[in-house]
Every structure is written in structure tokens, then in C-alpha cells.
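Below is one structure; the comments refer to it alone.
In C-alpha cells form, the structure reads like this:
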């Protein structure tokens, strides 16, 4: 009998970001070794209470011959994320798992504190701090973090035995799309939530300063700042060269990566930044702020360029240089494609398997 593991994640697709990718991809890759159940918040009435992630035996996602149960709890409203820490432990009791693995130290991490299981594991995914975070970090049997930056934060809160396992990417899927879709000269891309911490306002201010005016900026993602950012493009006079694409499916996002020459993310806070890895896989020249865990992905001058936080002028200067020296940038892009292979989900999932078995 395979060991029984419950994954706690307050969010899943269609609310997927880096943490949710981990909650889905690790079980998909390890379905041949462990018996997984994912417990998540329902959040919308159109989402079924009982669902499945489908994989084939051996962990491959190419066909649907094995199913990972997904249990959604709550009333189908945004309040479900607040109910989740109190409802999820009752579901866990019924499943009687060998391991409970909470991904993200907010709602899932709080739920983990109330769960009973032979082994409890927490994966740190965010730079957010709260008065409860110290207790949440200290209570599990094992703690992993997606970056050295987050490991350092947890150590300040009194946890020392932390294993760093980054989030992963679907390397083969991205490369496959790239082979079919060539780069579009002058195409600049951002992918992520449209929130203040992602620094899209800084990107727009950098974009307007470019002396090369035949480039375009594609913004993929949604969030509370979408309308204010659209208004900013009008104020800056670049609305005709900026496209807001909204939420896109994974294959559609991969095509955006494939066609972009430059990926620019001027985040104000970032635990790791999966989008930077995906952009590297696609051979984009990556421009990013030197904050949080980004420097663990982007080696300045080797696999991308790092710029100071809150410095739109320097970011614009760097983008201008990239557009003026494509030969050098091609060399850097090839290095980034090779280095990003280390983040493929299969290798990352196998590192979690070692933690489950330890």
C-alpha cells in the first residue's frame, strides 16, 4: 500500500500561482509512489465539491488513467479562505493520512497547526509576515522553503532545520511551444498578478522612457490594479503600444514567453518568482529587480540582468541596451535556457519525495 498524503492548499486552479503550481504538480509527478488527496477551499459556486487531477501511472500528465482526488470545502464564496483553516482539519481526520503537507504558510499553514498526523510538513512560499507566522513555522515536523531568502526569514523566527526546494516549471512543455513560435523583435513581456508588489507601474514608467519606439509591451495577468494601470498607460501616452491580455491558460502564456524578446519584472517583493524561470526556459532576456529570491534564479550578467528596486530609469536603460545588442543577449539567453532545466517539476517533485520518506 502506498503512503497516504494529504496536500493542504487553500487555492488551486483557477486561482493558480507559484504555490498552487506546487500543490498540483508534486502530486501529479509522484502519483506512482504516493496516494494523494488535495484539500482546498471552494471559493466559487461553479467549482465542484469533489473533483480530480488526472495523471497516468508513472507520473506523466500525458493521459488520464489515474486520478488524484480534490476535495473543495466551504460554501463557494471568497469567505471560504477564512473558513479553510478550521474546516480542513476535519477532512484530514477522515482521511487518516501518513503525511499532511501544507503549501503556503498562511491559510494552509494555519490549518496544519490544527491537524493530527504522524508527520506534518510545511512549505514556505511567501515573504508576508504576520504575528502568527512564528508559531506556524515552528509547529510542523519538517519545513521546506522555496528560496534561501525565505529560509533566512524562517530562521529569524526560530526554525533552523529548513530544506530549500524551489518551485518548478514544465520545461518540456515550454520548449515545445518555443520551437513552434519564433521571437517577435521588440516584444517585451510581463506575466503575473496586477498588484502593487509586482511593480507593473514601474515597468510602464520604464517603457515610456525607451528611445526605441517600435517595441510593444504585453501584460499577462489580472488583479486589483488592472484599471489603474490601464489609466496610467493613457497618462503616459503609451496605450497604443501596451496590451493587457488578462488571464491566459498555460499554453497561451507559454506562447507569450516564446514570442517575447525581453521579460521584465520589477517586483517590490518576491519569494522566488516562477515567471522568471519560465521566461528563461523560453530564451527571453530577463530583467528583474534584485530583491527577495530573484537573485537565486537570475545571475546578473550571466542569465539575465538585475536592477535596483524602484528604479524605472535604470530598468529602461537596461532594456534599451538589450534592444541595441541582440548578439550578446542571445548568448545570455542560451545560458538561461540551460540553467533553468534544473527547475523541471520532475526533479523538484523527487526532492519532495525524499522529504516524505525521511
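Residue numbers (the numbering used here): 1428 to 1785.
Ideal placement from N, C-alpha and C gives every residue a C-beta, glycine not left out.
For clarity, every value in this text was computed on a predicted model and none was experimentally measured.
Requested in this report: Count the other CB atoms, across all protein chains shown, that sit within 10 Å of the CB of residue 1547; report buried if there are 16 or more and exposed otherwise.
Outcome: buried
Query raised in the report: Is it buried or exposed for residue 1557, if we count other Cβ within 10 angstroms and need 16 for buried?
Result: Answer is exposed; the Cβ neighbour count stays below 16.
Query raised in the report: Under the rule that 16 or more other beta-carbon atoms within 10 Å means buried, what is residue 1555, buried or exposed?
Result: exposed
Query raised in the report: Under the rule that 16 or more other beta-carbon atoms within 10 Å means buried, what is residue 1679, buried or exposed?
Result: exposed
Query raised in the report: Helix, strand or coil: how does DSSP classify residue 1440 here?
Result: coil
Query - Every unbroken beta strand (DSSP E) within the stretch 1536–1587, with a cutoff of 3 residues, ordered by chain - result: 1546–1551, 1569–1572
Query raised in the report: Could you check where the beta strand (DSSP E) with residue 1528 kicks off and where it finishes?
Result: For residue 1528, the uninterrupted beta strand (DSSP E) segment begins and ends at 1526–1530.
Query raised in the report: Where do the ends of the alpha helix (DSSP H) carrying residue 1745 lie?
Result: 1739–1751
Query - Residue from 1785, 1784, 1770 whose Cα sits closest to the Cα of residue 1452 - result: 1770
**Report entry** Environment of residue 1750 [buried if 16+ CB atoms lie within 10 Å]
**Finding:** Around the C-beta of residue 1750, 16 or more other C-beta atoms lie within 10 Å, and the residue is accordingly described as buried.
Query raised in the report: residue 1691 to residue 1715, Cα distance in whole Å?
Result: Spanning the alpha carbons of residue 1691 and residue 1715 requires a straight line of approximately 6 Å.
Query - DSSP three-state assignment for residue 1686, whether helix, strand or coil - result: helix
Requested in this report: Compute the distance between the beta-carbons of residue 1529 and residue 1514, then report whether it is under 8 Å.
Outcome: no
Query raised in the report: Quick one, which of 1686, 1760, 1583, 1549 has its alpha-carbon nearest residue 1611's?
Result: 1686
Query raised in the report: Can you give the beta carbon distance from residue 1701 to residue 1601, rounded, assuming they're within the 8 Å contact cut?
Result: Contact doesn't hold; Cβ gap of about 11 Å is too wide.
Requested in this report: Look up residue 1486 in the DSSP assignment and say whether it is helix, strand or coil.
Outcome: Any answer about residue 1486 is weak, because its pLDDT of 43 lies below 50 and its placement is not dependable; what the coordinates show is given next. It is coil, neither helix nor strand.
Query raised in the report: Going by the beta-carbon positions, is the gap between residue 1711 and residue 1688 smaller than 8 Å?
Result: yes
Requested in this report: Round the Cβ separation of residue 1564 and residue 1584 to the nearest angstrom and send it over; I've been treating them as touching at under 8 Å.
Outcome: With 8 Å as the limit, residue 1564 and residue 1584 qualify as a contact, their Cβ atoms being about 5 Å apart.
Query raised in the report: DSSP three-state call for residue 1506: helix, strand or coil?
Result: coil
Query - Extent of the continuous alpha helix (DSSP H) run through residue 1599 - result: Residue 1599 -> alpha helix (DSSP H) spans 1598–1607.
Query raised in the report: Ordered along the chain, which non-local residues of its own chain (more than five positions away) have a Cβ less than 7 Å from that of residue 1560?
Result: 1532, 1584
Requested in this report: Take the Cβ of residue 1694 as the centre, count every other Cβ of all protein chains shown within 10 Å, and call the residue buried at 16 or more, exposed below.
Outcome: buried
Query raised in the report: Should residue 1507 be labelled buried (16 or more other beta-carbon atoms within 10 Å of its own) or exposed?
Result: Classification of residue 1507: buried, given that the 10 Å Cβ count is 16 or more.
Query raised in the report: Along the chain, where does the alpha helix (DSSP H) that runs through residue 1703 open and close?
Result: 1701–1708
Report task. Could you tell me if residue 1481 is buried or exposed, where buried requires 16 or more neighbouring beta carbons within 10 angstroms of its beta carbon? Result -> exposed
Query raised in the report: What did DSSP end up calling residue 1653 once you bin it into helix, strand or coil?
Result: helix
Query raised in the report: Exposed or buried, which one is residue 1763 when buried takes at least 16 other CB atoms within 10 Å?
Result: Note on residue 1763: 16 or more other CB atoms within 10 angstroms of its CB, so buried under the neighbour-count rule.
Query raised in the report: Considering residue 1627, what are the terminal residues of the alpha helix (DSSP H) in which it resides?
Result: 1627–1635
Query - residue 1436 vs residue 1535 beta-carbon contact at 8 Å - result: yes
Report task. With a threshold of 16 other CB atoms inside 10 Å of the CB of residue 1640, please say whether the residue is buried or exposed. Result -> exposed
Query raised in the report: Do you know offhand how far residue 1458's Cα is from residue 1638's?
Result: 51 Å
Query raised in the report: Which partner residues of residue 1644 appear in the DSSP bridge assignment?
Result: DSSP, once it has assigned bridges, lists 1615, 1669 as partnering residue 1644.
Query raised in the report: Can residue 1431 and residue 1525 be called in contact, C-beta distance under 8 Å?
Result: yes
Query raised in the report: Hey, how far is the Cα of residue 1494 from the Cα of residue 1464?
Result: 10 Å
**Report entry** Option in 1644, 1628, 1668, 1664 with minimal Cα separation from residue 1653
**Finding:** Among 1644, 1628, 1668, 1664, the Cα nearest to that of residue 1653 belongs to 1628.
Query raised in the report: When the Cα atoms are used, what is the spatial distance from residue 1518 to residue 1442?
Result: 21 Å
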